[in-house]
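Asker: Just so we're aligned: the sequence shown equals residues -19 to -1, 1 to 860 in mature numbering (1 follows the signal peptide of the UniProt record, and there is no 0).
We treat Cβ as the ideally placed atom computed from N, Cα and C, and that holds for glycine.
Take a look at the following structure, please.
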Amino acid sequence: MTSPRVLVLLGLLALAACGPGPVTPPQPPVTAPVTEPRPLGLYELSLTGLNGPSPAGVIVRAGLRGQAAEVQGLQFTPMSFGTYTDETARVRYLRASFRVTNGSGQALTRPVFVPVDTDGQDATTGTTPFKGVQYFDGSDASGHAARLTLDTPHRLNSLTGTPEVDPDATPLVRGLDTRGLVVTAPAGTTVTRVFEEGWQGRSVAAGGEQIVTFATRIPMAAAASQDPFRFRLVFAVIDDPALQGGDSAAPTVQVQATPATLTAAGTVTLQADASDDQGVTKVDFYDGEVLLGTDREAPFEWTAAYTAADNGERRIRAVATDPSGNAGEGRTTLTVAIAPPFLGSGPATLTADLVRSNRGEAVTGSSVRLYRSGDRSRVLAEAQTDMSGAVQFSAIPEGTYDLVFSKAGAAGSEVLGAVATAGQPRRLKVAQFDAQNPTADTAVPQLALLTPTALDSQGRAADWKALTPGTVMNGAAQLRAYTTAANTAPLLLKYLMFSLVSFDASGQMAELRGALTSIDPGHVTPGPDSQDSGQVTLDPAGLSGDVFVQVSALDFNNNRSAYLVPVRLERAGTPGTVSAPTGVSAVGYTLSERLNYIYRAPGTDLTPQGARPDSNSWVSVSWDQPASTDGLTGFRVLRATAKEGPYVEVAFAGTAQCSAATRRCTASDNTATLEVGQDYYYRVKALGTDEAVSAAPDRPSTHLLPPFAPQLLTPGPDQTDVDLLPTYAFKTNAFAGGATGLRVDLRVSDTFTAAVNSDAPPLRVLRQNGTFSVTGVGTDTRDYSRWVTYDAATDTLKVPHDLTRVRSGLTPVALQANRRYSWLLHRAYAYRLQDPTQPESATNPVVAYAVYSDPDTTKVVPGGVTQSVSAVHHFITRP
């Protein structure tokens, strides 16, 4: 033994826990063995990266460090490592899990992994079983050794945010009789003590295997850098050790539930008859693995409430503990059969709008299952999305729920953490993508969500803790997400997306995407090492108080998960009086193509372009930034279908969403409730100590156009014997959808050489007061109706070949005979003026676009989005 050092054991953190509070499952009494215990050798568990994101470890024979992990016929295979910090108690919980294979050739009755203290060469620290404890920089950290506590593995209770004993992990058993055991140590080393406690495994046949988890806890230092980074633990494996002399008899327990069958929502009384010759110190009452409560005085009983959400056979347990720590258990069954069913049994409502593959297009007929968050053992309710893609679960109990969407041919989609509250309706926007491979797995990505324990002077996370409901964030939201070991391998993500979410009084969901981590946009080799977002910072965008953060993940089969977590944003600064925003304007955009996330060319910068996600229809709203922002805490964008309202909140913004150059602020309404063909009025509200709202517009701010989808007519697809001076005809749907005008660029090219044979000049067709005109674009105001024909009755435009020469009075250049060509609309979109009856001007701007194709450098759609879905007709000219 040497001067004091420290141990830290790591393990996979079980984030998805059930139960309302800390649980300490009873340890089964260990009876005295019939045979002599068998020492199976001395080992070392070596761990590193204890206070970092990627801990690792290995078990080797003591004295043979760095060699194979097979010891005395036992093989240790690393499985998982992790850490969890309890910020309230300032305790770090650590776990390390290994698959142990019994290659000894004989069955093991009850293997126990017992720490030992060694002396001599390479001795352990002090009277502890730990050695080689160091900080991150390799310096000695042995001063922490005495602060370590060996422990049964813990996990995080996701409902309470507190640690609890993991009932499925390897228990730490105390009171072992190790006094007569002889454990052989390497030359130069002696075993001075075999501890009286260890992690007790299950019986395992020769050639069999089991998972064994080591665990400890340690008080946290002021900073993570002051906590140990690596260590080694020396332990022996002993088969079937005896208990020390003394009380080893467990209490006897009988438990009953009154009533045994519950048919109406109410309470059940659980009564335990527990006895022990040394007395009973407490009785813990469980429903399955969920601790209901603890009674420390006789008569031992507990009262629990049940609703229709708990219908089914409930496994009730009463665990009695005596002064020596022996525990006995009694069991009974409670039947919960409450009518009416789950729907109708509470005061809250959840609604979801399901949209397809980054479009506003509704996903109809998708099956939706509702679960208690984190509990997939029972479906609470099931429904299907209607023709508008909506689904609603009405009159449900308050709580946190998961929604699971499934449909043939579609990828999986889940929302995890939807909060239902009485008097606060919530209408979620959810995306369900088309599957890349309809026969592939639809399991969605499972994530661990973290937030920093503190930030250093550079704004970087000093350490991480689990992101739990109610987490307080100061200034900006600091987040991190990574995939967990619970995912089906191999999991390859496209992206992790982070956003802030708020709901107004009507339940309308407003969302602002603040960050998108492109895990693998198609330009790098997929791999499991790139599934971590790292630290992500979200600007508060004018929000404060109780809001939500949403983290969503999309894999390469388009399976999508979205985690909603309620948090509280605290903002610095003193609110003051504000003035109403001015200069409010809106432009609606409708795309004809399903917008996926579009990435730049391969290179070091793989950030996404500014495509508006989750909708092919959205509205960009802008307004003037006030001359002074003193006292301003944020903006809210309001929308209505009539000037007088009612207005709902559809977006939010802060000064970070205002341009320093133009002093214009911008926010996007990308809610799922937008509809094409609808007039919309927008107002903007400034927030401070008071509220000030912009004036209601006299005219609609915008009118969403339906998708512009021109149809090529002649020359037809694969048409032959086409004239050498053809006329190109196509049908539009622009004016039937409410457009004021359309703009098209027609292109003809040689199919084989791709050489452009003819580009018609850009054309504009304008409708005003029932009259149609065909002109050029920009400064080209010529009347093209002398050469180009627009038939309003059939909504068809006909353009002669080589219009550029035709309009100049020159002979057009004919196509070559018996050659294959192609023609298309290279750029095409429809648009609408705010007042369609008046000419375009500064006071009568374009307020809506419907874009069919937009491939050029200067984009119609903001953010540089390339819309290139043009149909192409190939044809062959006559001989």
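Under 8 Å by Cβ, that's how I've got A376 and T330 pegged, so tell me the actual separation to the nearest angstrom.
Answerer: On the sequence shown, position 395 is the one that residue 376 refers to. On the sequence shown, position 349 is the one that residue 330 refers to. Right, their Cβ atoms sit about 7 Å apart.
Asker: Please classify Q787: does DSSP put it in a helix, a strand, or coil?
Answerer: Your numbering for residue 787 matches position 806 in the sequence shown. Note that residue 787 is Val in the sequence shown here, rather than Gln. Three-state result, V787: helix.
Asker: If you draw a straight line from the alpha carbon of L28 to that of V95, how long is it in whole angstroms?
Answerer: Locating residue 28 in the sequence shown gives position 47, counting from the first residue. Locating residue 95 in the sequence shown gives position 114, counting from the first residue. If you draw a straight line from the Cα of L28 to the Cα of V95, it comes to about 17 Å.
Asker: How many whole angstroms separate the CB atoms of Y65 and V41, which I take to be in contact at a CB cut-off of 8 Å?
Answerer: The residue labelled residue 65 in the question sits at position 84 within the sequence shown. The residue labelled residue 41 in the question sits at position 60 within the sequence shown. Rounded, the Cβ-Cβ distance is 26 Å, inconsistent with contact.
Asker: Can you name, in chain order, every residue of its own chain whose Cβ lies under 7 Å from the Cβ of D132, other than the five neighbours on each side?
Answerer: For the purposes of this step, residue 132 is taken as residue 151 along the sequence shown, with counting starting at 1. If we look at D132 and ignore the five residues flanking it on each side, its Cβ neighbours are L153, A196, T197 and R198.
Asker: Could you work out which residue in D485, L481, G488 and S487 is closest to R494 when comparing CA atoms only?
Answerer: The residue labelled residue 494 in the question sits at position 513 within the sequence shown. Selected option, being the one with the closest Cα: L481.
Asker: Enumerate in chain order the residues of its own chain whose CB-to-CB distance from A458 is below 6 Å, with the five nearest sequence positions on each side excluded.
Answerer: Numbered from its first residue, the sequence shown carries residue 458 at position 477. Once the five neighbours on either side are set aside, the close Cβ partners of A458 are L519 and V530.
Asker: Is there contact here, the region 112 to 132 with the region 84 to 93, by at least three beta-carbon pairs under 8 Å?
Answerer: no
Asker: By a C-beta neighbour count over all protein chains shown, 10 Å radius and 16 as the cutoff for buried, is E395 buried or exposed?
Answerer: Locating residue 395 in the sequence shown gives position 414, counting from the first residue. Classification of E395: buried, given that the 10 Å Cβ count is 16 or more.
Asker: For the 8 Å Cβ check, are there 3 or more pairs between the region 435 to 444 and the region 481 to 490?
Answerer: no
Asker: Assign L791 to buried or exposed, taking buried as 16 or more other Cβ atoms, counted over all protein chains shown, within 10 Å of its Cβ.
Answerer: Here residue 791 is taken as the residue at index 810 of the sequence shown, counted from 1. Burial call: exposed.
Asker: Out of E821, Q102, Y709 and H135, which has the shortest C-alpha to C-alpha gap to R728?
Answerer: Position 747 of the sequence shown holds residue 728. Nearest option by C-alpha distance: Y709.
Asker: In the structure shown, what three-state DSSP assignment does Q638 receive?
Answerer: Working through the sequence shown from its first residue, we reach residue 638 at position 657. Secondary structure at Q638: helix, using DSSP grouped into helix, strand and coil.
Asker: What are the uninterrupted segments assigned as alpha helix (DSSP H) that are 4 or more residues long and contained completely in the region 441 to 492, given in chain order?
Answerer: none
Asker: Pop quiz: A217 and P20 are said to be a contact at Cβ under 8 Å. What is the actual Cβ separation, rounded to whole angstroms?
Answerer: Within the sequence shown, numbered from 1, the residue matching residue 217 stands at position 236. Within the sequence shown, numbered from 1, the residue matching residue 20 stands at position 39. The pair is a contact, with the Cβ atoms about 6 Å apart (cut-off 8 Å).
Asker: Compare the Cα-Cα distances from W180 to each of V193, V517 and Y802 and report the closest residue.
Answerer: Position 199 of the sequence shown, counted from the first residue, corresponds to residue 180. Ranking V193, V517 and Y802 by Cα distance to W180 puts V193 first.
Asker: Contact defined as beta carbons within less than 8 Å: I believe A567 pairs with Y663. What is the distance between those atoms, to the nearest angstrom?
Answerer: The count along the sequence shown starts at 1 and reaches residue 567 at position 586. The count along the sequence shown starts at 1 and reaches residue 663 at position 682. The Cβ separation is near 5 Å, so the contact holds.
Asker: Please work out which residues of its chain come closer than 6 Å, Cβ to Cβ, to T636, disregarding the five sequence neighbours upstream and downstream, and give them in chain order.
Answerer: The sequence position of residue 636 within the sequence shown is 655, counting from 1. T610.
Asker: Could you compute how far the alpha carbon of T159 sits from the alpha carbon of S483?
Answerer: Mapped onto the sequence shown, residue 159 falls at position 178. Mapped onto the sequence shown, residue 483 falls at position 502. Using only the alpha carbons, I get a separation of about 60 Å.
Asker: Between the Cα of T563 and those of T785, Q606 and N83, spot the shortest distance and give me the residue it belongs to.
Answerer: For the purposes of this step, residue 563 is taken as the residue at position 582 of the sequence shown. Nearest option by C-alpha distance: Q606.
Asker: How many angstroms separate the CA atom of Q700 from the CA atom of S730?
Answerer: For the purposes of this step, residue 700 is taken as the residue at position 719 of the sequence shown. For the purposes of this step, residue 730 is taken as the residue at position 749 of the sequence shown. Straight-line Cα distance between these residues: approximately 15 Å.
Asker: By how many angstroms is the C-alpha of D334 removed from the C-alpha of V349?
Answerer: One-based indexing of the sequence shown puts residue 349 at position 368. One-based indexing of the sequence shown puts residue 334 at position 353. Taking the straight line joining both Cα atoms gives about 11 Å.
Asker: Scan the region 191 to 232 and note each continuous beta strand (DSSP E) run of 3 residues or more that stays entirely inside, going in chain order.
Answerer: Counting only runs of 3 or more, we get 211 to 220.
Asker: Work out the CA separation of S851 and P378 for me, nearest whole Å.
Answerer: Start at 1 with the first residue of the sequence shown, and residue 378 comes out as number 397. Start at 1 with the first residue of the sequence shown, and residue 851 comes out as number 870. Approximately 50 Å, taken between the alpha carbons.
Asker: Relative to the C-alpha of V758, which candidate in Y287, S369, L723 and A391 has its C-alpha closest?
Answerer: For the purposes of this step, residue 758 is taken as the residue at position 777 of the sequence shown. Residue L723 is the option with its Cα nearest to V758.
Asker: Cα separation between V505 and F111?
Answerer: In the sequence shown, counting from the first residue as 1, residue 505 sits at position 524. In the sequence shown, counting from the first residue as 1, residue 111 sits at position 130. In this prediction, V505 scores a pLDDT of 37, lower than 50, which makes its location untrustworthy; the coordinate-derived value is nonetheless stated afterwards. Between V505 and F111, the C-alpha separation is close to 42 Å.
Asker: With distances taken Cα to Cα, identify the nearest neighbour of G697 among S803, T647 and R763.
Answerer: Against the sequence shown, residue 697 aligns to sequence position 716. The shortest C-alpha separation from G697 is found at S803.
Asker: Report all residues from its chain with a CB closer than 6 Å to the CB of P743; omit the five preceding and five following residues, and keep chain order.
Answerer: As a working note, residue 743 is residue 762 in the sequence shown. The residues are D726 and V758.
Asker: Based on the DSSP secondary-structure assignment, which residues constitute the bridge partners of I40?
Answerer: Indexing the sequence shown from 1 puts residue 40 at position 59. DSSP output for I40 lists L26 as bridge partner(s).
Asker: Could you compute how far the alpha carbon of L436 sits from the alpha carbon of L55?
Answerer: Numbered from 1 along the sequence shown, position 455 holds the residue referred to as residue 436. Numbered from 1 along the sequence shown, position 74 holds the residue referred to as residue 55. One C-alpha to the other measures close to 44 Å.
Asker: Name the two residues that bound the continuous beta strand (DSSP E) containing I319.
Answerer: The residue labelled residue 319 in the question sits at position 338 within the sequence shown. From DSSP, I319 is part of no beta strand (DSSP E); its letter is neither H nor E.
Asker: Across which residues does DSSP place P825 in a beta bridge pair?
Answerer: Counting from 1 along the sequence shown, the entry for residue 825 is found at position 844. According to the sequence as given, residue 825 is Asn; it is not Pro. Paired residues: S822.
Asker: In whole angstroms, give me the CA-to-CA distance for L243 and V300.
Answerer: Taking the first residue of the sequence shown as 1, we reach residue 243 at position 262. Taking the first residue of the sequence shown as 1, we reach residue 300 at position 319. If you take the alpha carbons of L243 and V300, they lie about 23 Å apart.
Asker: Using 10 angstroms around the beta-carbon of S675, count the other beta-carbons present and answer buried if the total reaches 16, otherwise exposed.
Answerer: Translated into positions along the sequence shown, residue 675 becomes position 694. Result: buried.
Asker: How big is the Cα-Cα spacing for A467 and V425?
Answerer: Here residue 467 refers to the residue found at position 486 of the sequence shown. Here residue 425 refers to the residue found at position 444 of the sequence shown. Cα-Cα distance, rounded: 11 Å.
Asker: Do you know how far the Cα of G554 is from the Cα of V344?
Answerer: Position 363 of the sequence shown, counted from the start, is the residue given in the question as residue 344. Position 573 of the sequence shown, counted from the start, is the residue given in the question as residue 554. The alpha-carbon atoms of V344 and G554 are separated by roughly 44 Å.
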